[in-house]
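J.:
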Amino acid sequence: MGERLLVYEFMTHGTLHDHLHGELSPLNWNFRLRIAMQVAKGLEYLHRDCFPPIVHRDVKASNILLDSEWAARIADVGLLTPSNRDLDGDLESDVYNFGIVLLEILSGRKVIDNDYTPPSIVDWALPLIRKGKAAAIIDRNVALPRNVEPLLKLAEIAELALREDRGERPVISEIVMWLEQIVKNGLTL
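So, in structure tokens, the structure goes:
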């Protein structure tokens, strides 16, 4: 009997991590917003539309692949086992990790970077967002749009997703709705 292989489509444009922190060209704000929306919709599908729900457990920029048309694909999906009964906690952890990805998208900063104080992106960004200073976290390596309101809204969504109390975090469907509202209200970049 021969070997069994998994074959995947080649992701031409690498990972979100490569573009935010690596040698690849930085993404403009339109691409970043589009990627955030696509990842949120992908997680919504896994959490809401699959039965049983699929929990990723490792949502991060290096697991977000970009295909030849710059569409985001979530990689390294872990399946929820029937023996795991803490489904809500797992879904909420995916939301938390998505909040971290939003901070990376907004700031261009790594999750942990010892060149900064504090080194944690969460410990650095959340106090600024909560003080109404979300503009201070926006990546200055990319030309600012005329209207920064969509970026400030993304920061608000990230702050909600990163609430310490799991019960205060939104479900991914709410995040998708908010991201769609950003686009619908004409808050285009």
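Residue 1 is where the sequence shown starts when you use full-length UniProt numbering, and the numbers rise one by one after that.
Just so you know, even glycine gets a beta-carbon here, dropped at the ideal spot from N, CA and C.
#1: According to DSSP, is alanine 71 part of a helix, a strand, or is it coil?
#2: For leucine 162 and glycine 132, I'd like the C-alpha separation in whole angstroms.
#3: I need the boundaries of the alpha helix (DSSP H) containing leucine 144, first residue and last residue.
#4: Once you ignore the five residues that flank histidine 17 on each side, which residues in its own chain have a CB closer than 6 Å to its CB?
#5: Leaving out five residues before and five after valine 148 in sequence, what residues of the same chain have Cβ atoms less than 8 Å from its Cβ?
#6: Taking all protein chains shown into account, do 16 or more other C-beta atoms lie within 10 angstroms of the C-beta of isoleucine 129, making it buried, or fewer, making it exposed?
#7: Looking only at its own chain, which residues have a Cβ that is under 8 Å from the Cβ of proline 26, when we skip the five neighbours before and after it?
#8: For residue 190, list the residues DSSP reports as bridge partners.
#9: Look up isoleucine 64 in the DSSP assignment and give the residues it is bridged to.
#10: Does the distance from the C-beta atom of leucine 33 to that of isoleucine 172 stay below 8 Å?
#11: I'd like to check one pair, alanine 40 with leucine 160: are the Cβ atoms closer than 8 Å?
T.: According to the data block:
#1: DSSP, read as helix, strand or coil, puts alanine 71 in coil.
#2: Spanning the alpha carbons of leucine 162 and glycine 132 requires a straight line of approximately 16 Å.
#3: Note, leucine 144: premise wrong, no alpha helix (DSSP H); not H, not E.
#4: Ala61 and Ser62.
#5: Here the set comprises Ala135 and Ile138.
#6: Classification of isoleucine 129: buried, given that the 10 Å Cβ count is 16 or more.
#7: The beta carbon of proline 26 lies closer than 8 Å to those of His19, Leu20, Gly108, Asp139, Asn141 and Val142 in the same chain, with the five residues before and after it left out.
#8: Lying outside 1 to 189, the shown extent of the chain, residue 190 is not represented and no answer is given.
#9: Listed as beta-bridge partners of isoleucine 64 by DSSP are Ile74.
#10: Taking 8 Å as the Cβ cut-off, leucine 33 and isoleucine 172 do not qualify as a contacting pair.
#11: No. Outside cutoff.
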